[in-house]
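Sequential numbering of the sequence shown, starting at 791, is according to the working numbering. Glycine is no exception: its CB is placed at the ideal position from the N, C-alpha and C atoms. Input: a single structure, listed below in structure tokens.
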Amino acid sequence: MADVGVTEITEQFWRGKRVFLTGHTGFKGSWLALWLDRLGADVFGFALAPPTVPSLFEVAKIKMRLRSSTLADIRDAAAVERALRAADPDIVIHMAAQSLVRPSYAAPLETFSVNVMGTAHVLEAARRCPGIRVVVVVSSDKCYENTAKQRPYREIDPMGGHDPYSASKGCAELLTASYAHSFFKQDDGDGDTRCTVASARAGNVIGGGDWSIDRIVPDFFRSVTAGKALLVRNPDAVRPWQHVLEPLGGYLLLAERIAQEGRTLCGGCNFGPDRASCWPVAAVVERLVSLWGSGARWQHVAGEPHQREAAYLSLDSEKARRELGWRPRWSLDEALERTVAWAKAYAAGTDMGNVCRAEIEHYTASVAVH
């Protein structure tokens, strides 16, 4: 397909669409629920209770923006099917996951059960609901077999993963492809083509409202609040960073275009930052300290022994650029500025639902002018 240029998410498409969103109480899921509400979609959430206290789901009062919010376990196949049938959605976006590498070593069976069988439960329920037109399974950059390639990973590269989290995401991708070809017939053969299944792959995200453990930006804000220095184990580690709204915009655009074009956009799709947004941890922390000002500081400490996490990897997002017209809009510096501004607004007691909606408006305006 030829380069389609800049493509915007359209309110006209999303208005009145029934969207079944798993993981809606998490950091990324909460932002996506707010965005879908802004677009006029009817959102039916399915997730466990918010994973942190505080949480973006609570401080932005997201529940009041949803048609329904089912608190249940993605590992409960019957609960998933009941909720999906009750929602009778047009579109399913599956984001529920155990999303951290280091906890996957402590609870590997839970990680595989949530990330693999949870995905199977959603896809199995979806194939039994004839009204669904689109399923987007949200994955991770760590789904790829990390062979220390010098180039970014492309959608055609093999799935893999050495740590339990990465392996679970590779398995979930294989599972998604199997369901797509076995039950939704994504190829040109005979069979049910009513619904198209795709996966969306992204990496590290930052943004306001993330209180997750073991992430450098939330850890920074916790240290500031506690009046302590942020302890950094690996300051020279280079990571790809992007604002949370960047990949979420990609997921929405992918779902919209799939609904319009069907099987031409099936399969996996990467949504990664530009190379310019791949910074060492120390550079990110220094910028956070500068943006926050008084009281913020950090120090390098010897790393504690822990299981090996996959080395740095990056994504080739050429497919998303070429077929969707998607590309990152905010530099890492702007993403950090906006994340710090969000945290300061929260500390000042501001209405965070309004802050989040303004953030989404600002982002969509930046897409429109590029």
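- If the five residues before and after Asp1009 are omitted, its C-beta is found closer than 7 Å to the C-beta atoms of Leu1020, all from its own chain and listed in chain order.
- Under the 10 Å beta carbon count, Ala876 is surrounded by fewer than 16 other beta carbons and is classified as exposed.
- Here Met854 is exposed: its Cβ has fewer than 16 other Cβ atoms, across all protein chains shown, within 10 Å.
- For the pair Gly819 and Leu829, the CB atoms are not nearer than the 8 Å cut-off.
- Taking 8 Å as the cut-off, the beta carbon of Phe836 is found no closer than this to the beta carbon of Gly999.
- For Thr1140, there is no enclosing alpha helix (DSSP H), as DSSP gives it neither H nor E.
- Bridge pairing for Val1079: absent [DSSP].
- The DSSP assignment places complete alpha helix (DSSP H) segments of no fewer than 4 residues inside the segment 806-879 at 817-828, 846-849 and 867-877, in order along the chain.
- Contact between His911 and Ala957 does not hold, since their C-beta atoms are separated by about 19 Å, which reaches or exceeds 8 Å.
- Following the DSSP letters along the chain, one finds Cys919 in no alpha helix (DSSP H), marked with neither H nor E.
- In summary, Leu964 is exposed, with fewer than 16 beta-carbon neighbours lying within 10 Å of its beta-carbon over all protein chains present.
- Rounded to the nearest angstrom, the gap between the Cα atoms of Leu1055 and Arg1047 is 8 Å.
- Non-local beta-carbon contacts of Ala839 in its own chain, meaning distances under 6 Å to residues more than five positions away in sequence, involve Leu861 in chain order.
- Three or more beta-carbon pairs drawn from the segment 880-891 and the segment 918-936 are found closer than 8 Å, and the two stretches are therefore classed as touching.
- For Cys1068, the enclosing beta strand (DSSP E) has its first and last residue at Cys1068 to Pro1070.
- Ranked by how close their Cα comes to the Cα of Leu1114, the residues Arg1023, Gly1052 and Gly806 have Gly1052 in first place.
- With a 10 Å radius around the Cβ and a threshold of 16 neighbouring Cβ atoms, Ser1156 comes out exposed.
- Here Ala1086 carries a coil assignment [DSSP, helix/strand/coil].
- When only Cα atoms are considered, Ala850 and Ser1084 end up about 27 Å apart.
- Nearest in C-alpha terms to Val1079, of all of Glu935, Ile1006 and Tyr1041, is Ile1006.
- The beta carbons of Ser930 and Arg991 sit about 6 Å from each other, so the pair counts as a contact at 8 Å.
- Apart from sequence neighbours up to five positions away, the residues of its chain that approach Tyr1041 with a beta-carbon distance below 8 Å are Leu822, Ile883, Val926, Val928, Ala990 and Phe1061, ordered along the chain.
- One thing to note: Cys1059 has its Cβ within 8 Å of the Cβ of Glu945.
- Within the same chain, Cβ atoms closer than 7 Å to the Cβ of Ala1110 are found at Gly1040, Cys1059, Asn1060, Phe1061 and Trp1116, the five residues on either side in sequence being excluded.
- In this structure, Val809 and Phe834 form a Cβ contact; the two beta carbons are roughly 7 Å apart against a cut-off of 8 Å.
- Counting along the chain, no beta strand (DSSP E) covers Val1014; the unbroken alpha helix (DSSP H) around it starts and ends at Ile1006 to Ala1016.
- A direct Cα-to-Cα measurement between Ala1045 and Val924 gives close to 6 Å.
- Cβ-Cβ distances below 7 Å link Leu1038 to Lys818, Trp821, Leu822 and Trp825 in the same chain, with the five nearest sequence neighbours on each side left out; the list follows chain order.
- Ranked by Cα distance from Pro1118, the options His1033, Tyr955, Lys939 and Ala873 are led by His1033.
- Secondary structure of Ala990 (DSSP, three-state): strand.
- Under the three-state reduction of DSSP output, Pro954 falls in the helix class.
- Apart from sequence neighbours up to five positions away, the residues of its chain that approach Ala1086 with a beta-carbon distance below 6 Å are Val1014 and Val1079, ordered along the chain.
- If you ignore the 5 residues before and after Pro1070, its C-beta comes within less than 6 Å of the C-beta of Asp1026 and Val1028, all in its own chain and listed in chain order.
- Secondary structure of Cys985 (DSSP, three-state): coil.
- Here Cys1059 carries a strand assignment [DSSP, helix/strand/coil].
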